[in-house]
Each structure stands twice: as C-alpha cells, then as structure tokens.
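Numbering (our numbering), first residue to last: 308 to 920.
I have placed the structure first, in the form of structure tokens, so that the comments after it can refer back to it.
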Ligand SMILES: [Zn+2]
C-alpha cells in the first residue's frame, strides 16, 4: 500500500544517486558522542543494512530514499561552497569568504555541528567562522550553533548571526505552548524508540532521524526583513528572499550571485514536505509556499548553476533547477487548489484525500513523492486550515469521546472476542485500514484484551512496512511497539535549558498560564508584582477565575512583590522556588502567595498514552 496515489518514476533513473554522490570529498566518523561518551548520532546504524534491493518489510520507494539520505560525508556543492550531510537530520553548509567561512544551519546538536566543522576543516583548512546563517526557525537549523561558535565571539563582534525576522520568537514558542504534547508525538513520528533495521527504523524521509545531543541558541545580530536585501560578509555577496509562513513561520531563501548558487532553506527538497507535521503543529500555508517558489524562480532560477537546501542533495544545471523548482511549486499549488475545488463541492478532508489524483507529470518525479509529508495528510491539513475539524454534519458535531464510543461499538458488534475473530478474517482479506479502525475500538473498550492488542500491533506493522512515507512508517511501527511493550514516553526533549533561557518574561508567564489547573484555581484571587531588574521591566500578574494574566508597569495593588533576576526567573520557569531563591529571588509581602500559585500548576505529562486509553 502506498501513501500517495502514485505512478512511480523508474527505479533505473539514477540521477538522484549521481547528485547525492557528486562532489564527494571524504566520509566522517559515523558515530558521534557527547562529552559523557554517549552516542548521540550513529549514521552507521543505517548504512550497515541500507544496501541492495528493498526487503519485503520496506516500501521500495522509501528504501531508495533512505539509501540516498544515509549518504554521509563532506561534499563540494560548487567552488567555495561545501556541505556535510549525514551528520544529523539536516545538512550543514560552508561558504568560503576572503578570510573565513560562513556556516548555514548548524544542525540540531552542538556535538554533530562541531564534528561536521572538524571534518570540513580537515579538508579545507582551519578557516575561522565569520558568520552563521539560520535559514529558518526549526531546531535542526540552529540547535548546534554553540558547537561552531561561542557566545563570547558573537558578543565581541567576531561572528555575525544572520536570521530571518521573527526567528527567535518562533524558534522558542513552538517548544513552549504545546511542547510536551509535540515532543511525545514526535517520538512516534521520528521512530526514536525503534530498533534500526529493515523491520524497524530506517529514516524519516527528510533525514534519517534527529540527533540527541546538546541544543543551543544564540540571538541573531543581523535580522533580514526584506526581499531583495543584499549583504556582503567576508567578501561573499548574498541576496535574500523572505519566505515567511511556508515550511516554517520564519524562513528565507538566499542567492550567491558570484557563485551562481541558490539556497532554498527547506522549501524545495527531494520530498513532498509537510503542510501539517504528524507530531502536530499549526497548519502551514501551501498557497504562500507556492507563491514564494514562483518568486524564487523569477528572481534566481535562470541565473543559478546549483540549488541546495538544508536537507537532501543539491540539483545542478540551470534547466534542471528551473524544472525542479517549477515542479515543487506545482506540487503545493496543485494540492491547495484541488483541495479547495473539492471542498467547495462538499467533500470532506478524508474524502478528498482518497479522491485526489496527482498529475502524472508530477508523480513521475521522485522528489514529489511523500517521504515526509504525504498527499493524504496534507490534503486533510488544507481542509483543516480553511474549514477546521468540523465537517458540517451535526451527527459528527457532538460525538462521544473514544473510550465511551469504543465500549458501545464493541457491544453493538457482538463483544470484543467476536470483533477480534472477524478482524482476523478481514486481515486475511487485506482490509488492514478497516481492521485498524475496529481493533482501535476493542483496545479502547478493553485495554487488557491481549489478543486484540497483539493483532492490532501486527496490523500496524504491516501498514508500516507498506508505507512509502517515512513518518507514516515510524508512526505505525511506534504504535506496534507500544502495544507490545508499553509506553516509551518521550525519547527526545527539544526544550533544552539553553532554549528556555531565551524565553521573554511574557512567554514565560504564558508558559505558566497554560499549566494552571483551572478547577483547582478558580476560587483563587492572587496579585503578584514581578520586578525584573535584568530585563528592566515590571509586571503585575493576577490569578482570577482560574486565569493567569499580566500587565506591564501597573500601579494597582499586589499582595506580594517579587524581585527576580534572570537566573531566578529561569528557575521559576522550571517550577523550582528553592532554586529561584538560591539564584537571588527576593520576596516582599505575603510569601504564601507564590507557593499557592505554584501549587495549582500542572505540568505536561511526557508519558501520556496515545494508542491505549
Ligand atoms: Zn529541517
């Protein structure tokens, strides 16, 4: 079963393999460790088995993609531009200037970024880093920054940090409000708990998986705000194009006129990308995505000899670039326009996902296939973006929640044993999607029904093995794993202390507000003054009706005034009042107010159930 309605391009078209190998200089060490000796990246765990033809536990197209993505080492992109690929989920790129090197997107972890820089320097000399460019606000494009430059060198003006408008705000906000739920769900999406191999994890389509090292952030010193803006750094000329609201809320492309090279950030890669990632996010806008690809084609394509991105391999040759960017643009525009056409004829997201047919000319290119995003879930995302979760049919307006519905379904269907017996016959008939749906009811009605869980795990496994999409495969196989061996929690937490230290006081207050346990707090009436000497601001916070709100510089009365240095604020963000006191927190007034507030905070649960009630 394929996750796209697809007429596959020919497997003997080897252009992608040629491009993925082109410019190869040297491989690096496959295993990267942190300073405690723990493995935080192991590309060898993929290349050890990703050779030859696909086994019958992997969709051949995903096998092909994973084999390409697992290629690792230092590569020349064009004269003076290099990439290290296969050191993390993303690529790190190096652009040589008159005296030093500009780094584009320093991976997720300081350890992988430092290892990539070392590999580059081993072959290109010990050039100092003069600038870091972040193409967008996702962690795989900035988290390793302190592995390649120090905060001190940035503060001293030796290194510029260049990023698009809104970069820091979006880089951290995604980890704050819904961060716990996203991180737990990302464990499914990236298959972090899966053993690697032909029956387990072999890649997420965009890259193999996420590294698990130290995540950091440095505030930009140069913010790019306008399309057409030109900047010369260390003799390297760059022309920027803003692309906000595409693959990330804060994103930009840029062109190197003297090198005839174009960097497309993450908006044109060798996959159909996500309009809504399976870990959960705000829905992205395919309409502006297509618009910015059109603009990039108009501004840069016919004067480019190479286009590269921060995932996958480059594309060379002006005609190929024009074709590649045009097809990527048509992909997002087609999904957008056809979904709207069909929703205006009354079809719902799940119906459109089954109906939509991709033009053969688009399907015939490997890079349009859904290895990371999928036609199916992107179409539903577009429906959600325009019309939301409700499809207009009031039979579905006030449905019972899953556990309540499951008990009644199973009773109506003749009891759990009867449903499992029927499900077994449907499995034999190949009705895997249907069986997943009915066994989900049995497991939610009777979570201790061993046979139902075991059969559902088998069904998920078969669905995973048949998925062309890397993240679908990870989702199905992760679900099978939890049904068999229990909840694996949240393997990778992206809200690192360095990220959290960039929270503004207002974001931090918002992060507290979303932890207030409403019913426990709705009779409380608190007012706390916050004086923040390191930020030069003061706030009056109130808790009333179970709602935490704040205003800046209010002179209304408070029951307690806190003086909170930055370090103490961080400690409070972690819910630790004692650590905050040790970091210089001073309280003036009724100190019990603070413990009352913190007593009604309910942090997220990184171990919540997904596939069990
Ligand atoms: Zn990325």
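Think of the CB as a built atom: it goes at the ideal place given N, C-alpha and C, for glycine as much as any other residue.
Note that the coordinates shown come from a computational prediction; the quantities given were computed from them, not determined experimentally.
Does DSSP classify residue i as helix, strand or coil?
i           : result
residue 477 : helix
residue 697 : coil
residue 368 : helix
residue 726 : helix
residue 656 : helix
residue 915 : coil
residue 560 : strand
residue 751 : helix
residue 859 : strand
residue 714 : helix
residue 389 : strand
residue 673 : helix
residue 682 : helix
residue 310 : Low per-residue confidence applies at residue 310: pLDDT is 44, beneath 50, and the placement is therefore not dependable enough to give any value.
residue 739 : helix
residue 610 : helix
residue 328 : helix
residue 462 : helix
residue 492 : helix
residue 990 : Outside the displayed span of the chain (308 to 920) sits residue 990, for which this structure offers no information.
Compute the Euclidean distance between the alpha carbons of residue i and residue j, then round it to the nearest angstrom.
i           : j           : result
residue 378 : residue 701 : 51 Å
residue 591 : residue 867 : 43 Å
residue 291 : residue 781 : The displayed coordinates of the chain run from 308 to 920. Any statement about residue 291 would go beyond what the structure contains.
residue 823 : residue 385 : 53 Å
residue 564 : residue 435 : 23 Å
residue 429 : residue 667 : 45 Å
residue 850 : residue 587 : 29 Å
residue 776 : residue 645 : 21 Å
residue 405 : residue 834 : 57 Å
residue 580 : residue 861 : 46 Å
residue 663 : residue 507 : 30 Å
residue 542 : residue 873 : 38 Å
residue 504 : residue 865 : 60 Å
residue 718 : residue 743 : 18 Å
residue 509 : residue 365 : 9 Å
residue 467 : residue 544 : 15 Å
residue 548 : residue 402 : 18 Å
residue 914 : residue 920 : 12 Å
residue 891 : residue 396 : 39 Å
residue 488 : residue 585 : 12 Å
residue 557 : residue 347 : 28 Å
Starting from residue i, trace the alpha helix (DSSP H) in both directions and tell me its first and last residue.
i           : result
residue 285 : Because residue 285 is not part of the residues shown, which for the chain are 308 to 920, the question remains open.
residue 904 : 899 to 906
residue 596 : 593 to 607
residue 930 : For the chain, the structure presents residues 308 to 920; residue 930 sits outside this window and is missing.
residue 806 : 804 to 807
residue 783 : 777 to 792
residue 400 : Counting along the chain, residue 400 falls outside any alpha helix (DSSP H), though it belongs to the beta strand (DSSP E) covering 399 to 403.
residue 889 : 884 to 889
How would you label residue i, buried or exposed, when you count the other beta carbons within 10 angstroms and need 16 or more for buried?
i           : result
residue 426 : buried
residue 502 : exposed
residue 704 : exposed
residue 615 : buried
residue 696 : exposed
residue 470 : buried
residue 442 : buried
residue 893 : exposed
residue 492 : buried
residue 520 : buried
residue 617 : buried
residue 611 : buried
residue 282 : Any question about residue 282 goes unanswered here, given that the chain covers just 308 to 920.
Is the distance from the Cβ of residue i to the Cβ of residue j below 7 Å?
i           : j           : result
residue 613 : residue 623 : yes
residue 577 : residue 674 : yes
residue 600 : residue 632 : yes
residue 419 : residue 393 : no
residue 454 : residue 417 : yes
residue 380 : residue 324 : no
residue 367 : residue 671 : no
residue 726 : residue 745 : yes
residue 643 : residue 594 : yes
residue 437 : residue 407 : yes
residue 756 : residue 716 : no
residue 790 : residue 752 : no
For chain C, find out if any of its Cβ atoms is closer than 7 Å to the Cβ of residue i; answer yes or no.
i           : result
residue 764 : Judged by its chain identifiers, the structure shown contains no chain C, having just a single protein chain.
Assuming residue i is part of the beta strand (DSSP E), what are its boundary residues?
i           : result
residue 844 : 844 to 851
residue 832 : 832 to 839
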